[in-house]
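If you're matching positions, the sequence shown starts at 1 in UniProt numbering and goes up one per residue.
Built from N, CA and C at the ideal position, the CB exists for glycine as well.
Take a look at the structure below.
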Amino acid sequence: MTINDSIAGKPLRESKPSAGGKGHEKTKKSPQHDPIAVVGMGCRLPGESSSPHALWKFLERGGIARNEPPASRFNLKSHYDGSGKPHMMGSPGGMFLENHNPEDIDAAFFSLSSTEATALDPQQGQLLEVVYECLENAGVPLESLNGAAVACVVGSYAGDYETIQSRDPEDRAPNITVGIGRAMLSNRISHFLNIKGPSMTIDTACSGALQSLDVACRYLQTREVDGAIIAAANMYLNPEHCMDRK
Numbered sequence: 001m002t003i004n005d006s007i008a009g010k011p012l013r014e015s016k017p018s019a020g021g022k023g024h025e026k027t028k029k030s031p032q033h034d035p036i037a038v039v040g041m042g043c044r045l046p047g048e049s050s051s052p053h054a055l056w057k058f059l060e061r062g063g064i065a066r067n068e069p070p071a072s073r074f075n076l077k078s079h080y081d082g083s084g085k086p087h088m089m090g091s092p093g094g095m096f097l098e099n100h101n102p103e104d105i106d107a108a109f110f111s112l113s114s115t116e117a118t119a120l121d122p123q124q125g126q127l128l129e130v131v132y133e134c135l136e137n138a139g140v141p142l143e144s145l146n147g148a149a150v151a152c153v154v155g156s157y158a159g160d161y162e163t164i165q166s167r168d169p170e171d172r173a174p175n176i177t178v179g180i181g182r183a184m185l186s187n188r189i190s191h192f193l194n195i196k197g198p199s200m201t202i203d204t205a206c207s208g209a210l211q212s213l214d215v216a217c218r219y220l221q222t223r224e225v226d227g228a229i230i231a232a233a234n235m236y237l238n239p240e241h242c243m244d245r246k
């Protein structure tokens, strides 16, 4: 099960003619009155909603995102038998990405070594791709962000990849500390884009995405940054969290 979304935003600044009639100057306004412009969006959600347009169509038709776990995720027969016994899944279904394997990532494009790609929490990889799609949607070339004062704030709660990597110490991927670090969900994006604003991951459970949006807006309104990338990821990769523990 997963949710990935990204929004790029920047403050709208009004201008007026200067007293001398030469050019324009920024109108000073109290931070709380500054409007924020959303200039790009991207998402990767169940229900084949891999773009804002696809998500809108899904909502229009009243779509249902529930589906069966892909065989690549885990062996359903080992965790669900319909008996309702303790320590078994209560339901065989969920909301899974249909057309994307969470493990897949274009490592070369994102300047990742094979070792880094193996150790990477799939949430990091999915966020990198969705943020790139968001910037495409906004018409913002990567070169224009190089060294820019742009914040990156990510909301996230799930940490299943760390659990998976902890099952067998003999099979842990190298460099796993960086691969599973929660801070890296935002830091990886900032590093790839070489943006120089604040970079942080916020965990307030279900409200993480809205909290991230709120924090980024505050940075924009106080002029500490010129733009912001706000994203969220909540990807469940193993069945343990939904197993009945009566």
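Rounded C-beta distance between residue i and residue j? I'm assuming under 8 Å.
i	j	result
Glu103	Pro122	6 Å
Ala119	Ala173	4 Å
His79	Met235	The pair is not a contact, with the Cβ atoms about 18 Å apart (cut-off 8 Å).
Phe58	Ser50	No, Phe58 and Ser50 are not in contact; Cβ-Cβ is about 10 Å, not under 8 Å.
residue 249	Ser212	Nothing about residue 249 can be read from this structure; the chain reaches only from 1 to 246.
Would residue i be called buried (16 or more neighbouring beta carbons within 10 Å of its own) or exposed?
i	result
Leu237	buried
Ile64	exposed
Ala205	exposed
Phe109	exposed
Asn137	buried
Arg44	buried
Gly82	exposed
Glu25	In this prediction, Glu25 scores a pLDDT of 45, lower than 50, which makes its location untrustworthy; no coordinate-derived value is stated.
residue 247	For residue 247 there is no data in the structure shown, the boundaries of the chain being 1 and 246.
Glu60	exposed
Can you give me the Cβ contacts of residue i inside the same chain, cut-off strictly under 6 Å, excluding the 5 residues immediately before and after it?
i	result
Ala183	Thr201
Ala209	Gly155, Ala232
Gly47	Phe58, Gly63, Ala65
Beta strand (DSSP E) containing residue i: first to last residue?
i	result
Met95	That residue, Met95, is in no beta strand (DSSP E); it is neither H nor E in DSSP.
Cys43	36-44
Ile105	Taken as a continuous stretch (DSSP letters only), Ile105 belongs to no beta strand (DSSP E), as it is neither H nor E.
At what residues does the alpha helix (DSSP H) containing residue i begin and finish?
i	result
Cys152	Not the alpha helix (DSSP H): Cys152 falls in the beta strand (DSSP E), residues 150-156.
Met184	184-193
Gly159	It is not in any alpha helix (DSSP H) - Gly159 carries neither H nor E in the DSSP assignment.
Gly63	Segment: none, Gly63 is in no alpha helix (DSSP H) and carries neither H nor E.
Gly227	From DSSP, Gly227 is part of no alpha helix (DSSP H) but of the beta strand (DSSP E) over 227-233.
Thr177	176-180
Using the C-alpha atoms, what's the distance from residue j back to residue i?
i	j	result
Ile189	Arg223	21 Å
Ala216	Ala149	12 Å
Gly147	Ile195	5 Å
Gln221	Ala8	15 Å
Tyr157	Leu185	11 Å
Pro35	Gly62	32 Å
Ser72	Tyr161	15 Å
Pro133	Leu142	For the sequence presented, residue 133 should be read as Glu rather than Pro. Looking at the two C-alpha atoms, the distance is approximately 11 Å.
Met41	Pro52	7 Å
Glu240	Met89	8 Å
Ile180	Pro198	20 Å
Cys152	Ser6	10 Å
Val131	Asn175	24 Å
Asp226	Asp106	29 Å
Tyr219	Leu135	19 Å
Can you list, in chain order, the residues of its chain whose CB lies under 7 Å from that of residue i, leaving out five sequence neighbours each side?
i	result
Pro69	Leu76, Gly94, Phe96
Leu193	Leu142, Leu145
Gln124	Met184, Leu185, Arg188
With a CB to CB cut of under 8 Å and the five nearest residues on each side skipped, what residues in its chain are close to residue i?
i	result
Ile164	Leu237, Asn238
Ser113	Ala107
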